[in-house]
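What follows is a single structure, written as structure tokens, with notes after it.
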Amino acid sequence: MNYKICLPMKLFMLFCFGGCAYTITELLFRGNSHWTMFILGGICFLLVGGINEKFDLSLPVQMAVSSLIITALEFLCGCIVNLWLDWKVWNYEQLPFNLLGQICLLFTVLWFFLSAVGIFTDDILRWKMFCEEKPVYRLTRKRSE
3 MNYKICLPMK
13 LFMLFCFGGC
23 AYTITELLFR
33 GNSHWTMFIL
43 GGICFLLVGG
53 INEKFDLSLP
63 VQMAVSSLII
73 TALEFLCGCI
83 VNLWLDWKVW
93 NYEQLPFNLL
103 GQICLLFTVL
113 WFFLSAVGIF
123 TDDILRWKMF
133 CEEKPVYRLT
143 RKRSE
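Residue numbering for the sequence shown is 3 to 147, as defined by the working numbering.
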């Protein structure tokens, strides 16, 4: 079913989808999650999905930008929930190339690859559910005309 829907409702639905997807992913791989990860996942999904709404970037560039956005938000969230509030939601201190135990190079690289799933999913949801344009992807930059 395709419906035209108001922007706030569309963003809320995408936020909830991203929050659920992030939480389920954590439950599958870590065995637990935290309510703050639903919020972080929703925000990340909105931002990652919004990149190609505003900019005409190749898929690898979208993935790189997405990875940096997710890592930055993970660092901000980690500083708040783990360092400031001391909720101990995660700790990457044991991993190499970590920053204050909140982010690490390994997860930044993993976010690069996982962001492709987020980009594709967001585009398909926008196309099928919200009657937006059918997604088209490029692997390289546009040729000069």
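Think of the CB as a built atom: it goes at the ideal place given N, C-alpha and C, for glycine as much as any other residue.
Keep in mind the model is a prediction, meaning the values are calculated, not measured.
- By the neighbour-count criterion, in which a residue is buried when 16 or more other Cβ atoms sit within 10 angstroms of its Cβ, R32 is exposed.
- In the DSSP assignment, C106 is bridged to N100.
- From the listed residues L85, A74, F77, S68, the smallest Cα separation to F115 is found for S68.
- In its chain, beyond the 5 residues on either side, K90, V91, W92, N93, G103, Q104 have a beta carbon closer than 8 Å to the beta carbon of N84.
- With respect to the 8 Å criterion, M65 and A118 are classified as neighbours on the basis of their beta carbons.
- Per the coordinates, the alpha-carbon of S60 lies some 18 Å from the alpha-carbon of V111.
- Across the set R143, Q96, C106, L9, the C-alpha of L9 shows the shortest separation from the C-alpha of G52.
- When the five nearest sequence neighbours on each side are left out, the beta carbons in the same chain lying within less than 6 Å of the beta carbon of D124 are those of G51, in order along the chain.
- With 16 or more neighbouring CB atoms inside 10 Å of its own CB, L16 falls in the buried class.
- Here DSSP, grouped into helix, strand and coil, assigns F57 to coil.
- Between the alpha carbons of L78 and R128 lies a gap of roughly 28 Å.
- If you draw a straight line from the Cα of F57 to the Cα of G80, it is about 28 Å long.
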